[in-house]
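Undergrad:
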Amino acid sequence: MELDHLAITCASLEDGAAWAESRLGVPLEPGGQHAHFGTHNRLLSLGPGLYLEVIAPDPEAPDPGRPRWFALDEAREPALGNWIARVPDHAQALAEAPPEAGQPLDLTRGDLAWTVAVPPDGSLPWGAAFPTLIQWRAGGHPAERLPDRGVRLLALEVGHPRAPRLRELLAGLRDPRVTVVTSDSPTLRARLSTLHGEVSL
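Note that the sequence shown covers residues 1 to 201 in our numbering.
What follows is the structure in structure tokens.
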């Protein structure tokens, strides 16, 4: 299990991108559309193998006929709303994950192809404390295609009332940037370095 990307969720992609750009001091790159869920995104490199995504419902897309992923049907103001971990064997990782992790879906965007776990109701596993599991299948990795704007992840703090159990579930994630802490409710906090200093999301 490796940290793959962070997701800023919001009701409007324009608002979310402006919110992120104002804090990080760099432009985001065009992403694309996800027809299966009626969403679209913009992206930012966080260095090799890692990126930041701003994602929102796409007002130009047809109703997907199912709840959108990342709890985007409930999204309002831009916020760090989810984190995603990549795995080498999605079926095995999902078998070892809590049942709330969701069901596997094979998706594509352009020449990118991946398998991702999404709960049928579009909710976030453990309130986003447990990561969305992804396996990239074709087209490489999005971070490889993004220009380097000098932004890096320094730390990701994941809070949950059942922190000890969450640490057990994340035993395969050996990333010193990620820490699990006890909190009254699920929380995500990221600390990033930029050309203009440190920023918290």
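We put the beta carbon where it would ideally sit given N, CA and C, even for glycine. Please read all numbers here as calculations on a predicted model, not as lab measurements.
(1) For Glu-53, does the count of other Cβ atoms within 10 angstroms reach 16, so buried, or fall short, so exposed?
(2) So Gly-127 packs on Pro-78, CB below 8 Å; how close in whole Å?
(3) Based on DSSP bridge pairs, tell me the residues matched to Trp-136.
(4) Is DSSP giving His-196 helix, strand or coil here?
(5) I need the straight-line Cα distance from Asp-184 to Glu-157, nearest angstrom please.
(6) Can you find the residues in the same chain that come closer than 8 Å, C-beta to C-beta, to Pro-62, ignoring five residues on each side of it along the sequence?
(7) Helix, strand or coil: how does DSSP classify Leu-28 here?
(8) Looking at the strands, I want to know which residues DSSP matches up with Gly-183.
(9) What is the rounded straight-line gap between the Cα of Ala-113 and the Cα of Pro-98?
(10) Candidates Val-178, Asp-4, Leu-72 and Leu-44: which alpha carbon is nearest Ser-12's?
(11) Grab me the residues of Tyr-51's own chain with a C-beta within less than 7 Å of its C-beta, minus the 5 sequence neighbours each way, in chain order.
(12) To the nearest angstrom, how far is it from the Cα of Cys-10 to the Cα of Asp-89?
(13) Are Arg-152 and Gly-47 touching if we call contact CB-CB under 7 Å?
(14) If Asp-58 and His-40 are in contact, beta carbons under 8 Å, what's the gap, nearest whole angstrom?
(15) Suppose you measure from the CA of Leu-201 to the CA of Asp-111; what does that come to, to the nearest Å?
(16) When you compare only the Cα positions, how much space is there between Phe-70 and Gly-102?
(17) According to DSSP, is Leu-161 helix, strand or coil?
(18) Cα-Cα, which of Val-180, Leu-169 and Asp-148 is closest to His-160?
(19) Quick one: what's got a C-beta closer than 8 Å to Leu-107's C-beta in the same chain, skipping five residues either side?
(20) Comparing C-alpha positions only, which one of Arg-109, Ala-129 and Ile-134 sits nearest to Val-118?
TA: The short version:
(1) As a first step, residue 53 is located in the sequence shown; it is residue number 53 there, counting from the start. Counting Cβ neighbours within 10 Å, Glu-53 comes out buried, since at least 16 surround it.
(2) Position 127 of the sequence shown holds residue 127. Position 78 of the sequence shown holds residue 78. Wrong, their Cβ atoms sit about 18 Å apart, outside the cutoff.
(3) Mapped onto the sequence shown, residue 136 falls at position 136. Its beta-bridge partners are Trp-114.
(4) Within the sequence shown, the letter at position 196 stands for residue 196. Three-state result, His-196: coil.
(5) By one-based count along the sequence shown, residue 184 stands at place 184. By one-based count along the sequence shown, residue 157 stands at place 157. For Asp-184 and Glu-157, the distance between alpha carbons rounds to 14 Å.
(6) Looking up residue 62 in the sequence shown gives position 62. Excluding residues within five positions, the ones whose Cβ falls inside 8 Å are Gly-38.
(7) Position 28 of the sequence shown, counted from the first residue, corresponds to residue 28. Residue state, collapsed to three classes: coil.
(8) Translated into positions along the sequence shown, residue 183 becomes position 183. The sequence shown places Ser at residue 183, rather than the Gly named in the question. Answer is none; Ser-183 lacks a bridge partner.
(9) Position 113 of the sequence shown, counted from the first residue, corresponds to residue 113. Position 98 of the sequence shown, counted from the first residue, corresponds to residue 98. Distance between the alpha carbons of Ala-113 and Pro-98 is about 24 Å.
(10) Working through the sequence shown from its first residue, we reach residue 12 at position 12. The candidate whose alpha carbon is nearest that of Ser-12 is Leu-72.
(11) Sequence index remark: in the sequence shown, residue 51 carries index 51 (1-based). Here the set comprises His-5, Leu-43, Leu-44, Ser-45, Pro-142, Ala-143 and Leu-146.
(12) Taking the first residue of the sequence shown as position 1, residue 10 is located at position 10. Taking the first residue of the sequence shown as position 1, residue 89 is located at position 89. Straight-line Cα distance between these residues: approximately 30 Å.
(13) Position 152 of the sequence shown, counted from the first residue, corresponds to residue 152. Position 47 of the sequence shown, counted from the first residue, corresponds to residue 47. In this structure, Gly-47 lies closer than 7 Å to Arg-152 by Cβ.
(14) Indexing the sequence shown from 1 puts residue 58 at position 58. Indexing the sequence shown from 1 puts residue 40 at position 40. That belief holds up - the Cβ atoms of Asp-58 and His-40 are roughly 4 Å apart, short of 8 Å.
(15) As a position in the sequence shown, residue 201 is number 201, starting the count at 1. As a position in the sequence shown, residue 111 is number 111, starting the count at 1. If I take the Cα positions, the gap works out to 31 Å.
(16) The residue given as residue 70 occupies position 70 in the sequence shown. The residue given as residue 102 occupies position 102 in the sequence shown. Near 11 Å, if we compare the C-alpha coordinates of Gly-102 and Phe-70.
(17) Here residue 161 refers to the residue found at position 161 of the sequence shown. Residue 161 is actually Pro in this sequence, not Leu. Reduced to three states, the DSSP call for Pro-161 is coil.
(18) Taking the first residue of the sequence shown as position 1, residue 160 is located at position 160. With distances taken between Cα atoms, His-160 lies closest to Val-180.
(19) Looking up residue 107 in the sequence shown gives position 107. Around Leu-107: His-34, His-36, Ala-113, Trp-114, Thr-115 and Val-116.
(20) Position 118 of the sequence shown, counted from the first residue, corresponds to residue 118. Minimum Cα distance to Val-118 is reached at Ile-134.
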